[in-house]
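Chemist: Next up is a structure, given as structure tokens.
Residue numbers (the working numbering), protein chains in the order written: chain H, 1489 to 1738; chain R, 236 to 882; chain E, 5 to 214.
This is the structure we're talking about:
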């Protein structure tokens, strides 16, 4: 396959950045999208140019490090797939592909396609945990968890923290990410004592970090490589209302 | 032994001075009781550096901070949640015996020693088995959403190499869920101000003062700045070195650099040749391949492995009738069948492919067939159990495993070797602790499935908090002299400058790929005297070429991913050589180390306990000097070494 | 957003029910209009209730616009650099047209008040005789007015389609099982509103109501 790539190049946070066009030949349909970029980078290095910086690590769709907005879609055109698992057989010979970084104020560009997602850690830090000191835990069977709750909690907990939801959201909101954690912990009996403080603290931190507000457009769940569902946001809203209007927050 | 004169020197034997004696069930309790305590006011004055935020590092950071120590923690990824523990799929073992199927701490201990082919320490393994139960309790308390049964209790499954159901799991993402639990606990402490977290920082050297590990030199991968952090103790939880093979199931960033630089500073490196080749990975599809993807071996619980009976049979799998298929694992190992341990399953796959019976491109693959499982359990049940794995397979290969059998082939997955540590997980440099896959301690020559998560969390949550405390009770250790810092920093800067100045005509990846080929070919699933010697000719030559011809673009200021890779590959070259020396010196087969010269009549691995019943701990003697071998004799009081048989 | 929107939805339903009275003839429709002014009497002075209601509605609209503007400003700030390749809309057009739809609705409301409340832009504009004003306003030769009303009402339909599900979601009513049902119910509701509102001008334009 022969492809034309238009890639966002930005040499550092203060650089203005621009789309730069590259031609790549000899792309195999069995390559992953990132392997295609590897091929481009090998050539750029030998040509004495700076290779394109992009984040990636596990390359099996679970670490959440890879990103890339491909033709306007975070993680590319295939649903429920991270960029690292997107394969070139999903494109056609002769295609032009636009590749951009996640764009959101809380995710500033570090270089080219690499952005800083520390903001997500900050949201978790604000309350996305259950306080369980090591060694003080009761027997694992002391507290049964109904299977449907455990399964739903698991589905919310599948979030890989990649940030595609923010990249896709027309409001630049990180509500799906926040809500996935609120639901995961809020459905577990172990998560109940901190449930209402957690939601308020996490939402406030989310807003303070400069993420936009959620208007339920649903773009996030479509872009989410793990298919985290919008009902997580429903649960977050419910808990948030109960915590603030209902006075459940301590 | 003529070989030793040319390949290595032999030094003094070493011993684990920390494991208490007495009955094995009491040793950990004894050690914990004997460990000195640090009073709360002093804990606030002590700082621990932790490198790595995977299961071992994350859990250690969370727990040490919770105890009141100051923690400075580093990871090279953009967030602690990215550590490669996240990719572990199958599960975590624990001796809970919730199924009432005869499991116990002793059985888990026994299975792990045996599974490790009698090359691990009994004391360590027993402790691991004891702690396994506490880990499950801890993770459940953190809200880890393990799979549950309709009654609300935890579900279990059996996993490669065992006959009891002791594996706890969260669909095919157990590592992810456990890591997120540790990550959340870690961030809770960051929020509490007890942990200073530095993401996108890579450790490039260890600072030693007065013989003790006192700090690390790191490179801020975003600004390019070289900085030194000092502390009272340093914990390395930096994972394994499978990426020395270039293609492996490890994350692209996984590397040996932190461990290797500690090794160069004096920490012994143990059993580097013990490499686990995982039997169920998606086969290589072409030269562009950048990594291999593991399919959880839980698939072997219900999938059946087979190849055509005759070599060169190119029919589609569906056209091969039942009686012309060879379900070779079930045939050769009737009692364990498809559930034999990883090393055995991998070698069996290699053997049938060597016979020309492999399937798929290049004949490097075997079928893993779910047709029977779908018929027996129904498609919805198969989907519920393995749905996400099947989807992943289809995304990568473009084939639907519900209709066409999966193709799998072994790939490098885990490295049992690592920095040598005593029972306290302390390396040969005082104050340097090593946890998780980065140490060599618990798996011997082969790791059983679902044991890596167990070990990582055991080390981090339960072992280090006790043993690091015991070490810190001896603090303060005095100021770190400025010369020690300056020396370490200037070494780091010199290497970066050198890499940037070569400006050659080959990329880092091209060298890494070539090194990987050499290692896979000569130090992979089957090793021979001749092949290893060849590798030991090829590797130094390639390394020399690397330092002459590598091209690293850009500069040291700011993000430079090619520069990061170059530093890691430079270390892989040195490690690769040591792995081959270790593999060559160990003229026996054991676990993940299979020497073609040492096999039984029917082709199985043949150990030589009399000559090789020891841990090989290697000392770095300098870039041009031969490594020095220190032997730690292994004793088996409770599990008598026997020929492993899964037949 | 959800609360102010919810109150406005209630008004829209009541308003539509009132509109439909036009199909029962001039007396009934004009009588209904007169009754609207009389609600609350004798406890309240005539038209007081109407004015209280108008004040309430205005407040709701202002709150609604205010919160929407706040969200829009936050959204703009959250993405200072736009995508070069415009993202494809995947979550539904109704959701993506809320802001423009809202602007269209405000413009429409202004016209609508001038037309059928104050009467300034109505060709007849006789106070107290809404039946006659409506009939005069939607005469076939004024087809462009009917078209404008139709566009505005369809915009309202889209606005409601997303607004309703979104409000329920914001108030935490959504869950995986109910989500689909609620979304369908919102669609049905939006269509009913559009049909109900459009029936009147079209009935006049086509000569069904004279």
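Ideal Cβ positions, reconstructed from N, Cα and C, are used throughout, including at glycine.
Closer than 9 Å between beta carbons: that is the criterion. Which residues of the segment 1686-1706 of chain H meet it against chain E?
Modeler: Answer in chain order: 1695, 1698, 1699, 1700, 1701, 1702, 1703, 1704, 1705 and 1706.
Chemist: Identify which residue in R:357, R:422, R:769 and R:258 has its Cα closest to the Cα of residue 299 (chain R).
Modeler: When only C-alpha atoms are compared, the closest one is R:422.
Chemist: Nearest-angstrom Cα distance between residue 847 (chain R) and residue 759 (chain R)?
Modeler: Roughly 20 Å between the two C-alpha positions.
Chemist: In chain H, which residues lie less than 8 Å from residue 75 (chain E) when you measure between Cβ atoms?
Modeler: Per Cβ cutoff of 8 Å: 1659, 1700, 1701 and 1703.
Chemist: Going along the chain, which residues of its own chain have a beta-carbon closer than 7 Å to the beta-carbon of residue 263 (chain R), five neighbours each way excluded?
Modeler: Cβ neighbours of residue 263 (chain R) beyond the five flanking positions: 362 and 365.
Chemist: Starting from residue 22 (chain E), trace the alpha helix (DSSP H) both ways and give me its first and last residue.
Modeler: Here the alpha helix (DSSP H) through residue 22 (chain E) covers 6-24.
Chemist: Give me the Cα-Cα distance between residue 465 (chain R) and residue 449 (chain R), rounded to the nearest whole angstrom.
Modeler: So the two alpha carbons sit approximately 6 Å from each other.
Chemist: Within 8 Å (strictly less), CB to CB, does residue 303 (chain R) reach chain H?
Modeler: For residue 303 (chain R), the answer is no, since every Cβ of chain H falls outside 8 Å of its Cβ.
Chemist: For residue 1678 (chain H), decide whether its Cβ has a neighbour in chain R, counting only Cβ atoms nearer than 8 Å.
Modeler: So, interface residue.
Chemist: Out of H:1618, H:1632 and H:1520, which has the shortest C-alpha to C-alpha gap to residue 1684 (chain H)?
Modeler: The option with the nearest alpha carbon to residue 1684 (chain H) is H:1618.
Chemist: From the beta carbon of residue 100 (chain E), is the nearest beta carbon of chain H less than 8 Å away?
Modeler: Yes, because at least one Cβ of chain H sits closer than 8 Å to the Cβ of residue 100 (chain E).
Chemist: Report yes or no: is there a C-beta of chain R within less than 8 Å of the C-beta of residue 1654 (chain H)?
Modeler: It does not: the Cβ of residue 1654 (chain H) has no partner Cβ on chain R nearer than 8 Å.
Chemist: At which residue ranges does the segment 620-675 of chain R contain complete beta strand (DSSP E) runs of 3 or more residues, listed in the order of the chain?
Modeler: Listed in chain order, they are 641-650 and 667-669.
Chemist: For residue 624 (chain R) versus residue 489 (chain R), is the C-beta spacing smaller than 8 Å?
Modeler: For residue 624 (chain R) and residue 489 (chain R), no; Cβs fall outside 8 Å.
Chemist: Report the residue from H:1495, H:1501 and H:1489 whose alpha carbon sits nearest the alpha carbon of residue 234 (chain R).
Modeler: Residue 234 (chain R) is absent from the model: chain R starts at 236 and stops at 882.
Chemist: State the DSSP-derived secondary structure class of residue 308 (chain R), mapped to helix, strand or coil.
Modeler: In this structure, residue 308 (chain R) counts as strand in the three-state DSSP scheme.
Chemist: With a threshold of 8 Å between beta-carbons, can residue 545 (chain R) be considered close to chain H, or not?
Modeler: Cβ-Cβ to chain H under 8 Å: no for residue 545 (chain R).
Chemist: What do you reckon, are the CB atoms on residue 438 (chain R) and residue 472 (chain R) nearer than 8 Å?
Modeler: Contact flag unset, no.
Chemist: In the DSSP assignment, find the beta strand (DSSP E) that holds residue 437 (chain R) and state where it starts and stops.
Modeler: Run containing residue 437 (chain R): 436-444, per the beta strand (DSSP E) assignment.
Chemist: Using the beta-carbon count (16 or more within 10 Å), is residue 1680 (chain H) buried or exposed?
Modeler: Its Cβ having fewer than 16 others within 10 Å, residue 1680 (chain H) is exposed.
Chemist: My assumption, with CB atoms under 8 Å, is that residue 1490 (chain H) sits in contact with residue 1581 (chain H). Please give the rounded CB distance.
Modeler: Sure, about 6 Å apart at Cβ, within 8 Å.
Chemist: Between the alpha carbons of residue 739 (chain R) and residue 1536 (chain H), how many angstroms are there, rounded?
Modeler: If you take the alpha carbons of residue 739 (chain R) and residue 1536 (chain H), they lie about 10 Å apart.
Chemist: Along the beta strand (DSSP E) that carries residue 543 (chain R), what are the first and last residues, could you check?
Modeler: Taken as a continuous stretch (DSSP letters only), the beta strand (DSSP E) holding residue 543 (chain R) covers 539-543.
Chemist: Between which two residues does the alpha helix (DSSP H) containing residue 1525 (chain H) stretch?
Modeler: It spans 1521-1534 - the alpha helix (DSSP H) in which residue 1525 (chain H) sits, taken as one unbroken run.
Chemist: Alpha carbon to alpha carbon, how far is residue 236 (chain R) from residue 475 (chain R)?
Modeler: Here the model assigns residue 236 (chain R) a pLDDT of 43, short of 50, so the residue's position is not dependable, and the following value carries that caveat. Distance between the alpha carbons of residue 236 (chain R) and residue 475 (chain R): 31 Å.
Chemist: Which partner residues does residue 431 (chain R) have in the DSSP bridge list?
Modeler: DSSP output for residue 431 (chain R) lists R:307 as bridge partner(s).
Chemist: Mind the definition here: the segment 1561-1581 of chain H touches the segment 334-347 of chain R only if three or more C-beta pairs lie below 8 Å; say whether that holds.
Modeler: The segment 1561-1581 of chain H vs the segment 334-347 of chain R: no contact.
Chemist: Given that residue 1561 (chain H) touches chain E, what residues does it touch there, using C-beta distances under 8 Å?
Modeler: Under the 8 Å cutoff, chain E gives 91, 92 and 94.
Chemist: If you measure between the beta carbons of residue 225 (chain R) and residue 788 (chain R), is that distance less than 8 Å?
Modeler: In the structure as shown, chain R begins at 236 and stops at 882. Residue 225 (chain R) is therefore absent and cannot be evaluated.
Chemist: What runs of the alpha helix (DSSP H), each 4 residues or longer, lie entirely inside the segment 259-311 of chain R?
Modeler: Qualifying alpha helix (DSSP H) stretches, in chain order: 262-269, 275-278 and 290-302.
Chemist: Just to make sure I have the definition right: I need the residues of chain E whose C-beta is within less than 7 Å of the C-beta of residue 1725 (chain H). Which are they?
Modeler: Per Cβ cutoff of 7 Å: 173, 174, 175 and 176.
Chemist: Put residue 849 (chain R) into one of helix, strand or coil per three-state DSSP.
Modeler: Three-state result, residue 849 (chain R): strand.
Chemist: Taking the C-alpha atoms as reference points, what is the distance between residue 239 (chain R) and residue 259 (chain R)?
Modeler: Because the pLDDT at residue 239 (chain R) is just 47, under 50, the model does not fix this residue reliably, and the value given afterwards should be weighed accordingly. Each residue's alpha carbon lies about 36 Å from the other.
Chemist: Name, please, each residue of chain H whose Cβ falls closer than 7 Å to the Cβ of residue 920 (chain R).
Modeler: Residue 920 (chain R) lies beyond the range of chain R shown here (236 to 882); nothing can be said about it.
Chemist: From residue 508 (chain R) to residue 1590 (chain H), what distance separates their C-alpha atoms?
Modeler: Each residue's alpha carbon lies about 42 Å from the other.
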